[in-house]
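Undergrad: Submitted below is the structure of interest, expressed as structure tokens.
In the numbering used here, the protein residues as written are 167 to 383.
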């Protein structure tokens, strides 16, 4: 079974997820945005063996701690889509602007495309390219347990910002409605910030992408 523990990191309270296969105890971080030592301590206390790092997109609060963890443990960094390379290359510049020292630029070992799969122990997750918040954003979906790690595409009651360089509101709405909604209303999602929700709840209540809202657009 897939197990997960959410660990907020950085002043942006970004939801880094420690995920693992409870059969093999092989683990990965999804979006280790910073505070690498804190994250490694959480993994140690969970009794898991870290094997991989998964990135949904290239913003500093999601990817800024990946390089430190890779250097300490030799883990491969997988994702996001290569269209986010320019964001990953600017992490240190942006960290200086936000007075967030210690966050580092990073180049993944593997870029991801729509339709790819990633594995962790006996768990397989599907990859969806979901541009709009950033051009190279991806979502990781684990169908057996009906959970998606959606980064900053979708939040409880909101959606990702699209006013950043190469953001696109229409692309984001299309990604949500064409890639996420077909997975089912009963899918629980872990957003990049804030509380968990389900796709069904957002289709009912989200002021940006509820079905009734989009029908009136």
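We put the beta carbon where it would ideally sit given N, CA and C, even for glycine.
From residue 321 to residue 184, what does the alpha carbon distance come to, in whole angstroms?
TA: Residue 321 sits at position 155 when you count from the first residue of the chain shown. Residue 184 sits at position 18 when you count from the first residue of the chain shown. Going by the C-alpha atoms only, they are around 19 Å apart.
Undergrad: What did DSSP end up calling residue 288 once you bin it into helix, strand or coil?
TA: One-based indexing of the chain shown puts residue 288 at position 122. Coil, per DSSP.
Undergrad: Please report the straight-line C-alpha distance between residue 374 and residue 380, rounded to a whole angstrom.
TA: Numbered from 1 along the chain shown, position 208 holds the residue referred to as residue 374. Numbered from 1 along the chain shown, position 214 holds the residue referred to as residue 380. Taking the straight line joining both Cα atoms gives about 8 Å.
Undergrad: Within 8 Å, do at least three Cβ pairs link the segment 170-178 to the segment 196-206?
TA: Yes, they touch.
Undergrad: Are the segment 273-282 and the segment 237-255 in contact at 8 Å, needing three or more beta carbon pairs?
TA: As far as the Cβ criterion goes, the segment 273-282 touches the segment 237-255, which means the pair count is three or higher.
Undergrad: Secondary structure at residue 257, three-state DSSP: helix, strand or coil?
TA: Taking the chain shown and counting its residues from 1, the one referred to as residue 257 is at position 91. DSSP places residue 257 in helix when its eight states are reduced to three.
Undergrad: Do residue 225 and residue 186 come within 8 Å of each other at the CB atom, strictly closer than that value?
TA: Stepping through the chain shown from its first residue, residue 186 is reached at position 20. Stepping through the chain shown from its first residue, residue 225 is reached at position 59. Their beta carbons are not under 8 Å apart, which means residue 186 does not touch residue 225 by this criterion.
Undergrad: Is the beta carbon of residue 302 closer than 8 Å to that of residue 293?
TA: Translated into positions along the chain shown, residue 293 becomes position 127. Translated into positions along the chain shown, residue 302 becomes position 136. Result no, Cβ atoms of residue 293 and residue 302 do not sit closer than 8 Å.
Undergrad: Tell me, which residues are paired with residue 359 by DSSP?
TA: In the chain shown, counting from the first residue as 1, residue 359 sits at position 193. Partner(s): 180.
Undergrad: So what does DSSP say about residue 189, is it helix, strand or coil?
TA: Counting from one through the chain shown, the residue named residue 189 turns up at place 23. It is coil, neither helix nor strand.
Undergrad: Beta-carbon separation of residue 318 and residue 295 under 8 Å?
TA: In the chain shown, the residue the question calls residue 318 occupies position 152. In the chain shown, the residue the question calls residue 295 occupies position 129. No, the pair does not count as a contact, with Cβ atoms beyond the cut-off.
Undergrad: Between residue 352 and residue 316, what straight-line distance do the alpha-carbon atoms span, to the nearest angstrom?
TA: Position 186 of the chain shown, counting from 1, holds the residue named residue 352. Position 150 of the chain shown, counting from 1, holds the residue named residue 316. Those two C-alpha atoms are separated by around 15 Å.
Undergrad: Look up residue 169 in the DSSP assignment and give the residues it is bridged to.
TA: As a working note, residue 169 is residue 3 in the chain shown. DSSP output for residue 169 lists 186 as bridge partner(s).
Undergrad: Do residue 354 and residue 346 have their CB atoms nearer than 8 Å?
TA: As a first step, residue 354 must be located in the chain shown, where it is residue number 188. As a first step, residue 346 must be located in the chain shown, where it is residue number 180. For residue 354 and residue 346, no; Cβs fall outside 8 Å.
Undergrad: Within 8 Å, do at least three Cβ pairs link the segment 252-272 to the segment 225-235?
TA: A contact exists between the segment 225-235 and the segment 252-272.
Undergrad: List, from N- to C-terminal side, the beta strand (DSSP E) runs of 3 residues or more that fit wholly inside the segment 259-320.
TA: Segments of the beta strand (DSSP E) lying fully in the segment 259-320: 283-286, 289-295, 304-308, 313-317.
Undergrad: Nearest by alpha-carbon distance to residue 367: which of 383, 382, 358, 350 is it?
TA: Taking the chain shown and counting its residues from 1, one reaches residue 367 at position 201. Comparing Cα-Cα distances from residue 367 to each of 383, 382, 358, 350, the minimum goes to 350.
Undergrad: Between residue 247 and residue 327, what straight-line distance do the alpha-carbon atoms span, to the nearest angstrom?
TA: On the chain shown, position 81 is the one that residue 247 refers to. On the chain shown, position 161 is the one that residue 327 refers to. Residue 247 and residue 327: Cα-Cα distance of roughly 18 Å.
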